[in-house]
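Read through the structure below, which is laid out as structure tokens, and then see the notes.
2 protein chains.
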Amino acid sequence: MPSTRGKARLHNPIYDIAAKVIHLRGYDSTSMSDVAQAAGLTKAGLYHHVASKEQLLYTILDYGMDLTDEVVIKPVQSLRDPRERLQQMIERHLRLILQERNHEVTVILHEDKSLKGAMRRKITERKKAYIRFVEGLVRDVLKQQGRKEMNPRLAAFALLGMMNWCYQWYRPGGPISISQLVRGMTRIFFNGILR
Amino acid sequence: MPSTRGKARLHNPIYDIAAKVIHLRGYDSTSMSDVAQAAGLTKAGLYHHVASKEQLLYTILDYGMDLTDEVVIKPVQSLRDPRERLQQMIERHLRLILQERNHEVTVILHEDKSLKGAMRRKITERKKAYIRFVEGLVRDVLKQQGRKEMNPRLAAFALLGMMNWCYQWYRPGGPISISQLVRGMTRIFFNGILR
DNA sequence: CCTAGAATACCGACCGGTCGGTAGCTCACC
DNA sequence: GGTGAGCTACCGACCGGTCGGTATTCTAGG
Chain A
-2 MPSTRGKARL HNPIYDIAAK VIHLRGYDST SMSDVAQAAG LTKAGLYHHV ASKEQLLYTI
58 LDYGMDLTDE VVIKPVQSLR DPRERLQQMI ERHLRLILQE RNHEVTVILH EDKSLKGAMR
118 RKITERKKAY IRFVEGLVRD VLKQQGRKEM NPRLAAFALL GMMNWCYQWY RPGGPISISQ
178 LVRGMTRIFF NGILR
Chain B
-2 MPSTRGKARL HNPIYDIAAK VIHLRGYDST SMSDVAQAAG LTKAGLYHHV ASKEQLLYTI
58 LDYGMDLTDE VVIKPVQSLR DPRERLQQMI ERHLRLILQE RNHEVTVILH EDKSLKGAMR
118 RKITERKKAY IRFVEGLVRD VLKQQGRKEM NPRLAAFALL GMMNWCYQWY RPGGPISISQ
178 LVRGMTRIFF NGILR
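As you go down the protein sequences, you meet chains A and B in turn. Heads up, the first sequence is in the numbering used here, so the first residue is -2 and it goes up one at a time. Heads up, the second sequence is in the numbering used here, so the first residue is -2 and it goes up one at a time.
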């Protein structure tokens, strides 16, 4: 019985490689042979490290959420000023998604219905928690600035949408740099919700 | 050889049903037997109407783009005022995506890499043309209002992102109506790019 | 330091099942 | 009696996953 319980995946390059391949071709279109080949193994060899295809995806997604907690939520929660918190969240979220490593995070954005049952429920719950976190940041800024005519949930989804859509079109080395993108979206959103 | 060339699909309910099923379960996870069953046929019966699974998807996506041309691009192009054009585009785009029929359009948003070769190139080109259209609308508004510090391409992608992300969270009958959504996003984007 | 033996990493071969797609037939209707 | 729509039955390829076995590495006792 392979020892794939808990967070044993740290430092295991197989999961990084798998995340890369799945990010490129999609979960359904990626066979376990593909993953094995990319990792320099046979399929049977891969199954020594992984319990099932679904557990492989779950581990990747769960690690992607761990990364988000650590790189976005934690640093932002230590800040005082609501505007500073929201601005930092936008910058950190965008950099997390667009930095070329971090395939685990980008996989989260398009592999929604691939998981089933308990695993799916857990990931969905973590994603919802993140949405509530963003909505809270937006709500605090709106309250501080006395703008009660804007729906904070709608605004939060708008913000998440324009940020998460970036992986569809952003290309490193293209005409728009990450810094420009951060500045542009920050301005659009702040001006957008504060008149 | 079945006659599936050209735009023979009009009025053929098979494509509507297929679009619905593919929209619900995803292209890769949907087998031709699934589509056949949903259409009340056997798989062989379905293949009498359809040349291949890929051609089925292509036809659906192409029709989705036809719909977009007709419902969004054409009406907007007949308007004069740049601000009116942009505002109308936002409203029409959102309503097209969120209305419960129009599965063909929503399929476009998440079935990117499923097509290959020439078919993929054609759909990609139509999608790019639409992006250029949106970017042009944004650019005209920025020019009219004398805002040259905002990058119109970046702004266009931000707008497309927040609109297209809606299908991930919007549920008819939920706390946010389509009209509220249109008003909210219109305000965020106009305020966002015009200070 | 050597070595027995346990644990780990990995492989070739294979399994049951499902996939996209096809051949060849029937049958209703003009 | 020809034609299009539909069916049953089937194909080869590939899928996720497993099995028995084999190198390789780690560890403990003398």
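Quick reminder that beta carbons are idealized off the backbone N, C-alpha and C, glycines included.
Contacting positions in the region 144 to 159 of chain B - beta carbon closer than 8 Å to chain A: Met147, Asn148, Arg150, Leu151, Ala152, Phe154, Ala155, Leu156, Leu157, Gly158 and Met159
Simplified DSSP assignment, three categories, for tyrosine 44 (chain B): Residue numbering aside, residue 44 (chain B) sits at position 47 when the second sequence is read from its first letter. The answer is coil: DSSP assigns tyrosine 44 (chain B) none of H, G, I, E or B.
Chain B within 8 Å of glutamine 177 (chain A), Cβ atoms only: Taking the first sequence and counting its residues from 1, the one referred to as residue 177 (chain A) is at position 180. Chain B contact via Cβ: present.
Sequence-distant residues of its chain with Cβ nearer than 8 Å to isoleucine 19 (chain B) (five each side left out): For the purposes of this step, residue 19 (chain B) is identified with residue 22 of the second sequence, where counting begins at 1. Taken in chain order, the residues that qualify are Thr27, Val32, Leu54, Ile57, His100, Val104 and Glu108.
C-alpha distance - threonine 121 (chain A) paired with tyrosine 60 (chain A), whole-angstrom precision: Residue numbering aside, residue 121 (chain A) sits at position 124 when the first sequence is read from its first letter. Residue numbering aside, residue 60 (chain A) sits at position 63 when the first sequence is read from its first letter. Threonine 121 (chain A) and tyrosine 60 (chain A): Cα-Cα distance of roughly 14 Å.
Alanine 15 (chain B) versus threonine 65 (chain A) - alpha carbon distance: Numbered from 1 along the second sequence, position 18 holds the residue referred to as residue 15 (chain B). Numbered from 1 along the first sequence, position 68 holds the residue referred to as residue 65 (chain A). Each residue's alpha carbon lies about 37 Å from the other.
Chain B contacts made by the region 119 to 142 of chain A, where a contact means CB separation under 7 Å: none
Cα-Cα separation between aspartate 13 (chain B) and leucine 38 (chain A), rounded to whole angstroms: As a working mapping, residue 13 (chain B) is identified with position 16 in the second sequence. As a working mapping, residue 38 (chain A) is identified with position 41 in the first sequence. When rounded, the distance between both Cα atoms is 43 Å.
Endpoints, alpha helix (DSSP H) assigned at leucine 58 (chain B): Here residue 58 (chain B) corresponds to residue number 61 of the second sequence, with the count starting at 1. 50 to 65 is the span of the alpha helix (DSSP H), which, as asked, contains leucine 58 (chain B).
CB contact flag (isoleucine 70 (chain A), phenylalanine 154 (chain A), <8 Å): The count along the first sequence starts at 1 and reaches residue 70 (chain A) at position 73. The count along the first sequence starts at 1 and reaches residue 154 (chain A) at position 157. No, the pair does not count as a contact, with Cβ atoms beyond the cut-off.
Span separating the alpha-carbon of arginine 123 (chain A) from that of methionine 62 (chain A): If you number the first sequence from 1, residue 123 (chain A) lands on position 126. If you number the first sequence from 1, residue 62 (chain A) lands on position 65. Cα to Cα, arginine 123 (chain A) sits roughly 7 Å from methionine 62 (chain A).
Contact list for the region 10 to 42 of chain B against chain A, Cβ threshold 7 Å: Gly23, Asp25 and Ser26
Assigned secondary structure, threonine 183 (chain B) (DSSP; H/G/I helix, E/B strand, else coil): For this step, residue 183 (chain B) is matched to residue 186 along the second sequence. Three-state DSSP puts threonine 183 (chain B) in a helix.
Tyrosine 127 (chain B) versus B:Val179, B:Met116 and B:Val68, residue with shortest Cα-Cα distance: Working through the second sequence from its first residue, we reach residue 127 (chain B) at position 130. The option with the nearest alpha carbon to tyrosine 127 (chain B) is B:Val68.
DSSP-derived helix/strand/coil call for arginine 118 (chain A): Within the first sequence, numbered from 1, the residue matching residue 118 (chain A) stands at position 121. In this structure, arginine 118 (chain A) counts as helix in the three-state DSSP scheme.
Three-state secondary structure (DSSP) of proline 169 (chain B): Numbered from its first residue, the second sequence carries residue 169 (chain B) at position 172. Here proline 169 (chain B) sits in coil by DSSP.
Chain-order list of residues whose beta-carbon lies under 6 Å from that of glutamate 88 (chain A) (same chain, five-residue window excluded): Start at 1 with the first residue of the first sequence, and residue 88 (chain A) comes out as number 91. The answer, listed in chain order, is Val179.
Cβ neighbours of glutamine 141 (chain B) in the same chain (closer than 6 Å, five flanking residues each side left out): Along the second sequence, read from residue 1 onward, the residue named residue 141 (chain B) stands at position 144. Pro79.
Neighbour list for methionine 182 (chain A) in chain B, Cβ cutoff strictly below 7 Å: Along the first sequence, one-based indexing puts residue 182 (chain A) at 185. Under the 7 Å cutoff, chain B gives Ala155.
Opening and closing residue of the alpha helix (DSSP H) in which isoleucine 70 (chain B) lies: Along the second sequence, one-based indexing puts residue 70 (chain B) at 73. Where isoleucine 70 (chain B) is concerned, there is no enclosing alpha helix (DSSP H), given that its DSSP letter is neither H nor E.
Arginine 98 (chain B) versus serine 75 (chain A) - alpha carbon distance: Residue 98 (chain B) sits at position 101 when you count from the first residue of the second sequence. Residue 75 (chain A) sits at position 78 when you count from the first residue of the first sequence. Computed Cα separation, rounded: 45 Å.
Cutoff 8 Å: serine 0 (chain B) Cβ touching any chain A Cβ: Here residue 0 (chain B) corresponds to residue number 3 of the second sequence, with the count starting at 1. Low confidence applies here, because serine 0 (chain B) scores a pLDDT of 35, under 50, leaving its location unreliable and the question unanswered by this model.
Separation of serine 174 (chain B) from leucine 151 (chain B), as counted between CA atoms: Looking up residue 151 (chain B) in the second sequence gives position 154. Looking up residue 174 (chain B) in the second sequence gives position 177. Each residue's Cα considered, the two are about 27 Å apart.
Closer than 7 Å at the beta carbon, the chain A residues around isoleucine 87 (chain B): As a working mapping, residue 87 (chain B) is identified with position 90 in the second sequence. Simply none; closest approach about 12 Å.
DSSP three-state assignment for aspartate 78 (chain B), whether helix, strand or coil: By 1-based counting over the second sequence, the position of residue 78 (chain B) is 81. Note: aspartate 78 (chain B) maps to coil in three-state DSSP.
Whole-angstrom distance between valine 135 (chain B) and leucine 83 (chain B), CA atom to CA atom: Translated into the one-based positions of the second sequence, residue 83 (chain B) becomes position 86. Translated into the one-based positions of the second sequence, residue 135 (chain B) becomes position 138. Cα to Cα, leucine 83 (chain B) sits roughly 7 Å from valine 135 (chain B).
Whether asparagine 148 (chain B) touches glycine 189 (chain A) by CB criterion (8 Å): In the second sequence, the residue the question calls residue 148 (chain B) occupies position 151. In the first sequence, the residue the question calls residue 189 (chain A) occupies position 192. Going by C-beta atoms, asparagine 148 (chain B) is not nearer than 8 Å to glycine 189 (chain A).
Beta carbon proximity, isoleucine 190 (chain A) to chain B, threshold 8 Å: Translated into positions along the first sequence, residue 190 (chain A) becomes position 193. Answer yes: the Cβ-Cβ gap between isoleucine 190 (chain A) and chain B drops below 8 Å somewhere.
Assigned secondary structure, arginine 6 (chain B) (DSSP; H/G/I helix, E/B strand, else coil): Translated into the one-based positions of the second sequence, residue 6 (chain B) becomes position 9. Note that arginine 6 (chain B) scores 41 on pLDDT, short of 50, meaning its location in the model is unreliable; the coordinates nonetheless yield the value given after this. Three-state result, arginine 6 (chain B): coil.
Identity of the residue in A:Ser111, A:His90 and A:Lys110 nearest leucine 157 (chain A) by Cα: As a first step, residue 157 (chain A) is located in the first sequence; it is residue number 160 there, counting from the start. Leucine 157 (chain A) has its Cα closest to that of A:His90, out of A:Ser111, A:His90 and A:Lys110.
Reduced DSSP secondary structure (H/G/I, E/B, other) of glutamine 84 (chain B): Translated into the one-based positions of the second sequence, residue 84 (chain B) becomes position 87. In this structure, glutamine 84 (chain B) counts as helix in the three-state DSSP scheme.
Cβ-based neighbour list, serine 0 (chain B), same chain, cut-off 6 Å, excluding 5 preceding and 5 following: Locating residue 0 (chain B) in the second sequence gives position 3, counting from the first residue. Bear in mind that a pLDDT of 35 at serine 0 (chain B), under 50, signals an unreliable position, so the number given afterwards is only what the model happens to contain. None.
Neighbour-count burial assignment, histidine 45 (chain B), 16 or more Cβ in a 10 Å radius: As a working mapping, residue 45 (chain B) is identified with position 48 in the second sequence. When all chains shown are included, histidine 45 (chain B) counts as exposed.
Own chain residues within Cβ distance below 8 Å of threonine 183 (chain A), not counting five before or after: For the purposes of this step, residue 183 (chain A) is identified with residue 186 of the first sequence, where counting begins at 1. Once the five neighbours on either side are set aside, the close Cβ partners of threonine 183 (chain A) are Gln84, Ile87 and Glu88.
Rounded straight-line distance, which links the Cα of leucine 191 (chain A) to that of phenylalanine 186 (chain B): The residue you call residue 186 (chain B) lines up with position 189 of the second sequence. The residue you call residue 191 (chain A) lines up with position 194 of the first sequence. Using only the alpha carbons, I get a separation of about 11 Å.
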